[in-house]
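*Asks:* Numbering (this note's numbering), first residue to last: 73 to 155.
This is the structure I want to talk about, given as structure tokens.
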Amino acid sequence: MAVAAAYQTVKQKDLFVGTCDLLAGYQDEYPLTEAEISLLPALIVNRIAMSLVISEWRASEHPENREYILGSVEKTWTVLKDI
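See below:
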């Protein structure tokens with residue numbers, strides 16, 4: 073859930089609208105416990121940060137594809153700072 077929510081958060085103009093919709097749909101089918109829900113914000117932020125680190129690593133490993141690999145990094149940094 074946290075991984076999907078992290079990617080949904082990065083793609084939306086309003087940071088958490090898509091994430092809330094995603095969570096509501098998930099809850100209808102597979103309800104999370106209160107403990108699991110309480111962990112989601114930290115897990116979402118951590119996944120966004122991991123995406124940045126992984127993108128930088130991949131770009132260093134594949135310099136010929138650097139521009140493509142880092143295509144969404146600027147937006148991702150903005151989202152991370154806004155959270």
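Glycine included, C-beta positions come from ideal geometry on N, C-alpha and C.
In this text the structure is predicted, and so the values were computed from the model without any measurement.
Got a sec, what are the start and stop residues for the alpha helix (DSSP H) asparagine 137 sits in?
*Replies:* Element bounds for asparagine 137: n/a, residue is neither H nor E.
*Asks:* Could you check what DSSP says for tyrosine 102 in three-state terms: helix, strand or coil?
*Replies:* Look at tyrosine 102 here: in three-state DSSP terms it is coil, with no helix or strand label.
*Asks:* According to the Cβ coordinates, are arginine 119 and valine 75 closer than 9 Å?
*Replies:* yes
*Asks:* When you compare only the Cα positions, how much space is there between lysine 153 and leucine 111?
*Replies:* 19 Å
*Asks:* Hey, quick one: how far does the alpha helix (DSSP H) through glutamine 80 stretch, first residue to last?
*Replies:* 74-83
*Asks:* Shortest alpha-carbon distance to isoleucine 126 belongs to which of Ala114, Ile109, Ser144, Pro113?
*Replies:* Ser144
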